[in-house]
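Residue numbering for the sequence shown follows my numbering, beginning at 130 and increasing consecutively.
Even for Gly, the Cβ is constructed at its ideal location relative to N, Cα and C.
Since this is a predicted model, take the numbers as computed values, not measurements.
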Amino acid sequence: MSADFPDFELDQELNELRTVCDQIRSKILMYNPPQLIGGLWSTLLVALMSKFDDEGDGSLPNVSADEKGVLFAMEYLHATYAAEGLPDAAAAPVDGSVIAELLELSEKAIAHVFHFGFASMAQQFGDDDVNFHQLQSTILTNWVLIRGRRYQVMEEEFFKYVLEPHSDMIKELYGISSNDLAREIQAAVSSAREGIDRARDEISMLMEKTSDQAQAAGLDMKSFMADDSSLTTEDRKRATSAFEDMMFGGVFNVSKHTKIPKTLLEDLSFEPGAEDQFLDGTEYAGTPLQTLPARIKPLIKLDQGYYCTEPNFIRDSFYRSLQGAMIKRKPEYREGWNRRQKEMSEAAFADLMGDSLKTATVLSDVYYPIGKKQWAETDGVILIDDVMICLEAKAGSESYAAPSSNMHTHTNTIEELVIKAYKQAKRFIEYVYASDNAPLYAKRDDGKYVEVARVRRADLRKVYPIGLTVEAFTPYSAAVKERDDVVAIVDQHNFISMSLDDLFVLRQLLNGAGEFLHYLDVRQALAGMKNVSLFDEMDHIGAYISNNRIDQGIAQMAQDEGADYVGIDGMQQDILDPYFSHPDWPDCERPRQIFPARTQELLDALADTSQAGWLSGDTFIRDMSGEGRQQIADQYEKILPNLAHKSFTYFAVGGEITAIFGMLREDADSSLTNLTRTSETMAMALEQKNIRLFEISVNPDGKISKAKSRFISSPTVLRNDYSQLFNEAKILRAKMVML
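This is the structure in structure tokens:
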């Protein structure tokens, strides 16, 4: 592959990239900054209009490839002003042709970046490690386009959580609490999302008001407006402000639309021309292969205030920029920040998913012996029914050094976060599986270890090893999982890598332990499928809601079509995007899998009863197709009348493992019914080693009051009544054949 890209072609590609980037910066420095911001943003909104229905609220959905050029240009505004300063006072006004030319140059730059980047990687590293190249390609793509999926209506929720541990120090340094700061961050993001609509409504209201006043004065609008006193000073200010927001990028003026203290805005902003790294004279200077200044500080100071020139900068760099600013002001807080961030990230999973884990046992800072007087630690263990979640939290960040000059550093940083978590989870699970009954310990203040729980290997149906990062690393983890040394732990349990901000979306969409853990079941299955890539967690949850066992569908598709690699992107587009951009969010109906009312009632009863084995039964039902779920509901209604004259009745659903749904009158004693014997006979008739039995208690109104799930084993010849059961099974088998 490297032979396809000789040195002179790479040099030529890089020279062309430099030339285009020089033209972009020169073009930017010719025109009025607020007008450029406003013009580019208006262009993007016009491009997005087709994505909204008539009831849309103007919020920003995920950006497609067609709009990348606009965002790239907006990123370059920040880079240009930060590194080279502002245009002089005679800067020209902006029109449509200027925007079009700037976008054309941006698209050229993007094309040159990827052509050079991929060719350079091929030349440097050859074809020896395809998985390594896949990770590098992911790194380059995310670096240049700085895009990750996020739903901006949730920024306050995210920042409120991650900043709360530092609230006292934020208050001390900037005079604002973490909760108030999170609220103002949301205001900044909402201004970009909704500001144009708000400004338009403001102007419409003022025009209507002025029209009414002119009519009352008996004048036409032109004559009325000719009088300087026709509008109040306040109305003129409101009109000017709205016009600035609509036409001159005012929606990105953070100092205008938020109450973030000026001192903090200064710390998060570059003074024009003050940034000295982007144009440092090195090989990639001035190009996207260099570190864009917005990765260091998300804001730029313009004459009119402090601006965020691109809507994704807040999430992309605010957290780390604030960390750097606080430590610069108070260097001794470095250790405190790291310690508090570590505590927050380790507690985040159980904390954020608490509504789905109400009945779980949550253990943090779990210790276990690994040798004589040697101990290891895992960050968290969650036990619920027959499921164990092993958590390893990592709080590191992506390298700030540009990958083009230091790809190995980027690769090592990402692998350190993902692979280290995998190896630590692997060591813990191997410890659990090394004995029948593994003790878990906590470390006391005096340094002694005390047992806090035991895990019986035989009780574990599912184990989910999860690596959790503060940063959004899901696109990278999709590539890292392809490594040959990332395999199912103890040959059973695939490793899942998630980001903290993914959990905010998951808890919004998944309701209860059954649904959440079933999602993890599908997620884990996909994590173990080599050469299958879903871009990020939003794709995973979108695919789960719309396709349920998408892992099985992908496996079948790959087998039928002989695919060597399956890449899936955009699964969130029709499922999650409309929900998070809905004008009534979060009070609108959430996207969810559909269950008939009676089947959902059974799932709810299993969770409420929570008898051992309930999650296995829950998973059995959730694994069903829509047809299977409907069959449960239909059969329930069909045989429900039998309870009027029987203490119990039942129906069966076939499959790889047959399930019997036994319905008992609420006042019946299940031990006195023949449900167990019926299940045993069914197992013998079907020649199945085990059969699943749902025991469903039904009240006089036909509602489910309790539900349990357990396995019934086929009787062996050692049973005294084996002959009798065998004969009953023969009769039952004959009836089945007749049917």
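DSSP state of residue i mapped onto helix, strand, coil
i: Gln470; result: helix
i: Pro770; result: helix
i: Asn382; result: strand
i: Lys366; result: helix
i: Val615; result: coil
i: Gly783; result: coil
i: Gln701; result: coil
i: Ile157; result: helix
i: Cys150; result: helix
i: Gly434; result: strand
i: Ser662; result: strand
i: Ser398; result: strand
i: Ala522; result: strand
i: Val651; result: helix
i: Ile750; result: helix
i: Arg327; result: helix
i: Thr507; result: strand
i: Ile723; result: coil
i: Glu412; result: coil
i: Thr738; result: helix
i: Ile389; result: coil
i: Val495; result: strand
i: Leu421; result: coil
i: Val846; result: coil
i: Ala692; result: coil
Status (buried if at least 16 other CB within 10 Å, exposed otherwise) for residue i
i: Glu184; result: The predicted position of Glu184 is uncertain, since its pLDDT is 40 and thus under 50; a value taken from the coordinates is nonetheless stated next. Exposed is the call here.
i: Glu233; result: exposed
i: Leu189; result: Residue placement at Leu189 is flagged as unreliable, the pLDDT there being 41, under the threshold of 50; the coordinate-derived value follows with that caveat. Label assigned to Leu189: buried.
i: Ala788; result: buried
i: Lys837; result: buried
i: Pro222; result: exposed
i: Ile860; result: exposed
i: Gln141; result: exposed
i: Ser564; result: exposed
i: Ala371; result: buried
i: Pro294; result: buried
i: Leu847; result: exposed
i: Pro162; result: buried
i: Gln685; result: exposed
i: Gly831; result: exposed
i: Arg463; result: exposed
i: Asp374; result: buried
i: Ser842; result: exposed
i: Thr411; result: exposed
i: Asn828; result: exposed
Distance, residue j Cα to residue i Cα
i: Phe790; j: Val516; result: 23 angstroms
i: Ser852; j: Lys818; result: 17 angstroms
i: Ile499; j: Lys555; result: 13 angstroms
i: Ile595; j: Pro720; result: 25 angstroms
i: Ser446; j: Leu292; result: 14 angstroms
i: Tyr205; j: Arg154; result: 7 angstroms
i: Arg468; j: Ser307; result: 17 angstroms
i: Gln729; j: Gln722; result: 11 angstroms
i: Val615; j: Lys549; result: 11 angstroms
i: Tyr448; j: Gln470; result: 11 angstroms
i: Gln759; j: Leu731; result: 12 angstroms
i: Gly465; j: Glu559; result: 33 angstroms
i: Ile518; j: Ile786; result: 26 angstroms
i: Leu520; j: Ala617; result: 16 angstroms
i: Ile683; j: Cys437; result: 41 angstroms
Proximity test, residue i beta-carbon vs the ligand FAD heavy atom, cut-off 7 angstroms
i: Phe823; result: Of the ligands one can find in the structure shown there are none, so the ligand FAD has no counterpart to examine.
### Query
Would you say the segment 734–752 touches the segment 636–646, given that touching needs at least three Cβ pairs under 8 angstroms?
yes
### Message
At 4 residues or longer, what runs of the alpha helix (DSSP H) sit wholly inside the segment 444–493?
### Response
463–481
### Message
When you compare the segment 229–249 with the segment 406–424, are there three or more beta-carbon pairs, one atom per stretch, that lie closer than 8 angstroms?
### Response
yes
### Query
Would you say the segment 703–716 touches the segment 817–832, given that touching needs at least three Cβ pairs under 8 angstroms?
no
### Task
Inspect the CB distances between the segment 769–782 and the segment 798–814 and report whether three or more fall short of 8 angstroms.
Cβ pair count under 8 angstroms is three or more, so yes.
### Query
What runs of the alpha helix (DSSP H), each 4 residues or longer, lie entirely inside the segment 549–634?
603–609
### Message
Three or more C-beta pairs under 8 angstroms: does that hold for the segment 332–343 against the segment 487–505?
### Response
no
### Query
Are there three or more Cβ pairs, one per stretch, closer than 8 angstroms when the segment 195–215 is compared with the segment 398–408?
yes
### Message
Taking 8 angstroms as the cut-off, does the segment 281–288 touch the segment 626–635 (at least 3 CB pairs, one atom from each stretch)?
### Response
Proximity of the segment 626–635 to the segment 281–288 meets the contact definition, three or more beta-carbon pairs being nearer than 8 angstroms.
### Message
Contact between the segment 314–325 and the segment 466–482 is defined here as three or more beta-carbon pairs at a separation below 8 angstroms; is this criterion met?
### Response
no
### Query
Between the segment 389–403 and the segment 165–177, do at least 3 Cβ pairs fall closer than 8 angstroms?
no
### Query
Should the segment 387–394 be regarded as contacting the segment 298–318, the criterion being three or more beta carbon pairs within less than 8 angstroms?
yes
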